[in-house]
Amino acid sequence: MRAVILAAAISISIGAYAPTAFAAEIAEGAQGAERADVLATWKAGAGKIGDASATLGGEIPSGTHMTAGDRAVRVVLAKAPRCSLYLSPKAEMFIDEKTDGTGTSLVAHLVSGQLEADIADKGAYTDVHVLGKIIDVKVTGTLLVVERVKADTDYVALVHGKILVNVRKEVAEAIAALSGSEGVEMNSRQGLTADASGLGPVHNLLGRPQIQTSSASEHSSLQSQGDTPAPDSSWDTSAAENSTADGGVNGNSAGSGVEGGPQIGDHDVDLSNAGNDINAQISSEIEKDVSNEVTNQVINQAFSGPNPLSPPPSPP
2 MRAVILAAAI SISIGAYAPT AFAAEIAEGA QGAERADVLA TWKAGAGKIG DASATLGGEI
62 PSGTHMTAGD RAVRVVLAKA PRCSLYLSPK AEMFIDEKTD GTGTSLVAHL VSGQLEADIA
122 DKGAYTDVHV LGKIIDVKVT GTLLVVERVK ADTDYVALVH GKILVNVRKE VAEAIAALSG
182 SEGVEMNSRQ GLTADASGLG PVHNLLGRPQ IQTSSASEHS SLQSQGDTPA PDSSWDTSAA
242 ENSTADGGVN GNSAGSGVEG GPQIGDHDVD LSNAGNDINA QISSEIEKDV SNEVTNQVIN
302 QAFSGPNPLS PPPSPP
């Protein structure tokens, strides 16, 4: 079968994090969960929620389209606050929920561009699904990327964990040849493509695909990156996470106004010793100033006082 490349990229990551790392977001998520139609919060990057410009902390209702600006953006799920979704520049998606006899699932619909999802746990959800044009990816605990390459082609690459990939139900119903097609289980460092002819064969990845983080930079397709050998260390690095760590809405840190600065409240920034550090620095500067002043006074008095010392003899 032909492989499918999804012209938008989705990356889902499930990993272990320190319990305190997302404390603020967990509390924030608990409040968001009380508002049934609010499914996520805008956390970093410039873009739009519906027709309005996004703001840090902006609420994202079910079914509302999100569009990234010229940089990657990050949103956090309200009912699963340790789950982040990253959109590549100009990418578009919306999220909603689906409830059946087994529970409620979060469904991320990738309309265009690339998406990376970092899911530490599924929170209140039974399942998390990512939909492209052709594929329905059920996440069971993983880090994956999906690229929507063109209108009828998807590409999915699994970095860590395990996923189940199916042809979307409505697509299978519309194309007789795909009726009754079976899903494919994928393991770490594997990829596949899918299009109107169905799911392609699973292949092993040689490199870790990364979604695009800036529209100003050149970017290879996820499939091309997966086919290019890369060191093992690259598999544990997320370009999307790094590029949105400043929490800025306009490409700058909302907290510092400087690109790359820390965003307090958005990540685990330890300020417990900030006061002590500042006091120590001030004390150090005062000591330096006092020491310099005393030294200057002694020298001045020694050579210009009532009984000045003679200057030292010239060296032989």
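Just so we're aligned, residue 2 is where the sequence shown starts under this note's numbering, counting upward by one.
Glycine included, each C-beta is placed from N, C-alpha and C at the ideal position.
Beta-carbon spacing of residue i, residue j below 7 Å
i: V185; j: I136; result: no
i: L132; j: I96; result: no
i: G227; j: L193; result: no
i: M94; j: A79; result: no
i: Y87; j: A240; result: no
Residues near residue i by beta carbon distance below 7 Å, same chain, minus five either side
i: L223; result: A10, V146, E148, Y156, A158, P210
i: A92; result: A9, A69, S113, G114, Q115, L116
i: A173; result: L179, S180, S182
i: I50; result: W43, G59, I61, T65, M67
i: I176; result: A197
i: G199; result: M2, V168, L179, S182
i: D38; result: P62, S63
Boundaries of the alpha helix (DSSP H) in which residue i is found, first to last residue
i: L223; result: 223-227
i: I170; result: What sits at residue 170 in the sequence shown is Lys, not Ile. Residues 170-175.
i: A241; result: 240-244
Span of the beta strand (DSSP E) around residue i
i: A45; result: 39-45
i: T214; result: Segment: none, T214 is in no beta strand (DSSP E) and carries neither H nor E.
i: G58; result: Where G58 is concerned, there is no enclosing beta strand (DSSP E), given that its DSSP letter is neither H nor E.
i: V76; result: 74-78
i: V112; result: 104-113
Sequence-distant residues of its chain with Cβ nearer than 8 Å to residue i (five each side left out)
i: K170; result: D137
i: A81; result: G30, L107, I120, D122, K123, G124, A125, Y126, V129
i: P90; result: A69, G70, D71, R72, A73, G114, Q213, T214, S215, S216
i: S235; result: G208, R209
Spatially closest choice to residue i from the options, by CA coordinates
i: E98; options: A121, G64, I120; result: G64
i: A233; options: H161, H130, G208, T105; result: According to the sequence shown, residue 233 is Asp rather than Ala. Looking at the Cα atoms, G208 is the closest of the given residues.
i: H386; options: G133, R190, V150, V131; result: Shown here, the chain extends from 2 to 317; a query on residue 386 therefore has no answer.
i: T245; options: T105, A47, A152; result: A47
i: V150; options: M187, N205, S221; result: S221
Sequence-distant residues of its chain with Cβ nearer than 6 Å to residue i (five each side left out)
i: C84; result: L78, I120
i: T141; result: K163
List in chain order: all unbroken alpha helix (DSSP H) runs of 4+ residues lying wholly within the stretch 123-157.
For the stretch 123-157, not one full-length alpha helix (DSSP H) segment reaches 4 residues or more.
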